[in-house]
Amino acid sequence: MKIDGQTALVTGANRGLGRHIAEQLRDRGAKVYAGARNPQSVDLEGVTPIALDITDPASVATAADATGDVSILINNAGSSTGASLLTGDLADIHLELDTHFFGTLSVIRAFAPQLGAHDSSAVLNILSVLSWISFPQSGAYCAAKSASWSLTNALRQELAPRGTRVSALHVGYMDTDMVRHVDAPKSGPAGIARIALDGIEAGSYEIVADETAKAVLAGLSGGVAALYPQLP
Ligand SMILES: NC(=O)c1ccc[n+]([C@@H]2O[C@H](COP(=O)([O-])OP(=O)(O)OC[C@H]3O[C@@H](n4cnc5c(N)ncnc54)[C@H](OP(=O)(O)O)[C@@H]3O)[C@@H](O)[C@H]2O)c1
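The sequence shown begins at 735 in this note's numbering and counts up one residue at a time.
Put into structure tokens, the structure is as follows:
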């Protein structure tokens, strides 16, 4: 798919990775709807801000009604509560699932008709290495990203007959607000945005965006012993 001339919607486009993706979609010639809970916080020139809280069904429906011509949907919006599954606040665990799983799902369901109205269209779900490996200190986030990967695999089969290709991007740490508190090597979000859009143009189903993601993907075939060597 060529991005030039497409109409794209990015969720969580007001900051972080989503802002870079919206900016680069614009620069590659797409018309861009920049979804944000507060559309006034969208500071990019040449895009159309649109109110969109992915956990609010009414907001999702209003955004779908306000567009109508979207051919590229980027599900980028995400939360990170740092909740442990064992000891975390259940409200935080619900928030992770409501955002990454139910939010992403409700946006795809709402936009599927307009995506399917094009001969070919694309959905990209921004996932993580944490779809594949779990850190107990943020187990709720990991569970939500895993669920979102499963959603991706089911919907890519259901939407393929309509010409909608559903992709996922997996990446380790990126230098955004979400992990500002983490002291570890991080990728620049502008570079990851470029890899994401190249992946859409190449028609890649799985976009494995950095060395961390490549290593974890390779580790899956080694099972629990390879992924969690600290276990007795
Ligand atoms: N940073 C990393 O290390 C990393 C690694 C792997 C994957 N990811 C994933 O990358 C994506 C982008 O994250 P980021 O790193 O750019 O984080 P970020 O800078 O914290 O940005 C998160 C974005 O999501 C939006 N958002 C959160 N809940 C929302 C909701 N209910 N409805 C609409 N928008 C909502 C935020 O909007 P507000 O401004 O309104 O809060 C913000 O625009 C997420 O899916 C995240 O899980 C991040």
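Built from N, CA and C at the ideal position, the CB exists for glycine as well.
Rounded separation between residue i and residue j - CA only
i: N772; j: A785; result: 6 Å
i: S868; j: S884; result: 15 Å
i: G769; j: G812; result: 13 Å
i: S775; j: Q871; result: 31 Å
i: A846; j: A902; result: 16 Å
i: A792; j: D832; result: 14 Å
i: R760; j: S854; result: 19 Å
i: V744; j: I929; result: 16 Å
i: D799; j: V841; result: 12 Å
i: R749; j: N810; result: 11 Å
i: T821; j: A851; result: 45 Å
i: L839; j: T796; result: 16 Å
i: T910; j: R890; result: 28 Å
i: G933; j: I941; result: 6 Å
i: E779; j: G763; result: 13 Å
i: D738; j: E935; result: 10 Å
i: S814; j: W866; result: 17 Å
i: Y1021; j: G956; result: Look at the range of the chain in this structure, 735 to 966, and you will see that residue 1021 is not part of it.
i: A825; j: G837; result: 15 Å
i: E830; j: N859; result: 15 Å
i: T789; j: G746; result: 12 Å
i: A927; j: I755; result: 5 Å
i: A881; j: F835; result: 6 Å
i: A817; j: A878; result: 11 Å
i: D944; j: G922; result: 11 Å
i: K765; j: S805; result: 10 Å
Cβ-heavy atom distance, residue i to ligand 1, below 7 Å
i: Y907; result: yes
i: I860; result: yes
i: N887; result: no
i: S813; result: yes
i: R843; result: no
i: I784; result: no
i: S775; result: yes
i: P923; result: yes
i: T801; result: no
i: I827; result: no
i: A874; result: no
i: M912; result: yes
i: L751; result: yes
i: R928; result: no
Element boundaries [beta strand (DSSP E), containing residue i]
i: E940; result: 940 to 942
i: S968; result: In the structure as shown, the chain begins at 735 and stops at 966. Residue 968 is therefore absent and cannot be evaluated.
i: G769; result: 765 to 770
i: T821; result: Careful: T821 lies outside any beta strand (DSSP E) and carries neither H nor E.
i: P726; result: Here the chain has residues from 735 to 966 only, and residue 726 is not among them.
i: T741; result: 741 to 744
i: A785; result: 782 to 785
i: V857; result: 855 to 860
Range covered by the alpha helix (DSSP H) that runs through residue i
i: V804; result: That residue, V804, is in no alpha helix (DSSP H); it is neither H nor E in DSSP.
i: N887; result: 873 to 893
i: I842; result: 838 to 850
i: I755; result: 750 to 761
i: A947; result: 945 to 953
i: L961; result: 957 to 961
Integer Cβ distance of residue i from residue j, believed to fall under 8 Å
i: T801; j: Q848; result: 7 Å
i: P919; j: Y907; result: 7 Å
i: V863; j: V958; result: About 16 Å; that fails the 8 Å criterion.
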